[in-house]
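Start counting the sequence shown at 485; every next residue gets the next number (our numbering).
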Amino acid sequence: MRLAIAHAIDLQKLVDVALYGYAQVSPSPISTALPKWYDPSIKAREPDPKLAEKLLDDAGYPRGADGKRFKLRLAYNAFLPASYADFIKQSLAAVGIDAEILKLDLSTFLKTVYTDRAWDLVVESLSNTFDPTLGVQRAYWSKNFKIGLVFSNASHYANPEVDQILEAAAIEPDETKRRELWYKFQHIIHDDVVSVDLVAAGAQIVANKKVRDFAPGAQGINNSFAQIWLAPNA
Numbered sequence: 485m486r487l488a489i490a491h492a493i494d495l496q497k498l499v500d501v502a503l504y505g506y507a508q509v510s511p512s513p514i515s516t517a518l519p520k521w522y523d524p525s526i527k528a529r530e531p532d533p534k535l536a537e538k539l540l541d542d543a544g545y546p547r548g549a550d551g552k553r554f555k556l557r558l559a560y561n562a563f564l565p566a567s568y569a570d571f572i573k574q575s576l577a578a579v580g581i582d583a584e585i586l587k588l589d590l591s592t593f594l595k596t597v598y599t600d601r602a603w604d605l606v607v608e609s610l611s612n613t614f615d616p617t618l619g620v621q622r623a624y625w626s627k628n629f630k631i632g633l634v635f636s637n638a639s640h641y642a643n644p645e646v647d648q649i650l651e652a653a654a655i656e657p658d659e660t661k662r663r664e665l666w667y668k669f670q671h672i673i674h675d676d677v678v679s680v681d682l683v684a685a686g687a688q689i690v691a692n693k694k695v696r697d698f699a700p701g702a703q704g705i706n707n708s709f710a711q712i713w714l715a716p717n718a
């Protein structure tokens, strides 16, 4: 079923239509924004609704008289644009999956996903930070599945080989060997279709032209505003 869902979603169209081009397709659990560790051989699965329909039929989920196969609960992080969930809902409807969008505020979303686990699909945004051991491992390491622990392994993915790779990569001092470990990890996750990795979306900042030095560092507007100033004649 996960593979069918992956083929039902056109990632480039998601970028172009739902996100107005302000993102790039990022088909691996390690973001394209981390080129040192991202494996460029990982490619997004081709959008193919006909193949998705066949996979669902073969799995024993034919369309009913109303054209629908089954319903799934789709939760999404309230800090993300609703267009993510809307686009995915429409994409799945095209292959007969009825996705019910759960419109939740952030606190309810976190409880629903990470404590109650009352969801079938979730659109989440987990930063890779500056290193995959810090930002990526938490979502796929079986030892990081703990009820109530937010921004973690919500799907309860457990793969002993992946655990071994993650733990080895966390302490490997040789950069070349570490990259090999992360490349192997990405291929396993991609082949298992653990998740449908969507896009890398940078933060968009809108500011009056008079406002200067509002984002002097890599943290953008999360940085201190100590250097901010207004240009009088701008």
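Backbone N, C-alpha and C fix where the C-beta goes; we use that ideal spot for every residue, glycine too. Predicted model only: the values in this text are computed from it and were never measured.
Cβ separation of residue i and residue j, assumed to be a contact under 8 Å, to the nearest whole Å
i, j, result
"residue 533", "residue 673", "Not quite, the Cβ-Cβ distance comes to about 24 Å (not below 8 Å), so this is no contact."
"residue 493", "residue 680", "6 Å"
"residue 663", "residue 521", "6 Å"
Contact test: residue i Cβ vs the ligand ZN heavy atom, cutoff 8 Å
i, result
"residue 538", "The ligand ZN is not part of this structure, which contains no ligands at all."
Given residue i as reference, the closest of the options once Cα atoms are compared
i, options, result
"residue 666", "515, 491 and 500", "515"
"residue 566", "550, 544, 589 and 552", "589"
"residue 624", "604, 560, 607 and 645", "645"
"residue 647", "683, 620 and 505", "620"
"residue 718", "692, 701, 632 and 712", "692"
"residue 501", "525, 575, 535 and 709", "575"
"residue 568", "585, 555, 580 and 696", "585"
"residue 618", "636, 523 and 602", "636"
"residue 517", "708, 682 and 694", "682"
"residue 523", "670, 508 and 556", "670"
"residue 560", "548, 597 and 547", "597"
"residue 528", "668, 510 and 690", "510"
Residue i in three-state terms, based on DSSP
i, result
"residue 713", "strand"
"residue 663", "helix"
"residue 621", "helix"
"residue 486", "helix"
"residue 522", "coil"
Counterpart residues of residue i in DSSP-defined beta bridges
i, result
"residue 605", "558"
"residue 508", "684"
"residue 696", "713"
Practice prompt. Any chance you could list the beta strand (DSSP E) runs of at least 3 consecutive residues sitting entirely within the region 541–595, in chain order?
Written response: 554–560 and 581–586
Item to complete: List in chain order: all unbroken alpha helix (DSSP H) runs of 4+ residues lying wholly within the region 633–659.
Response: 644–655
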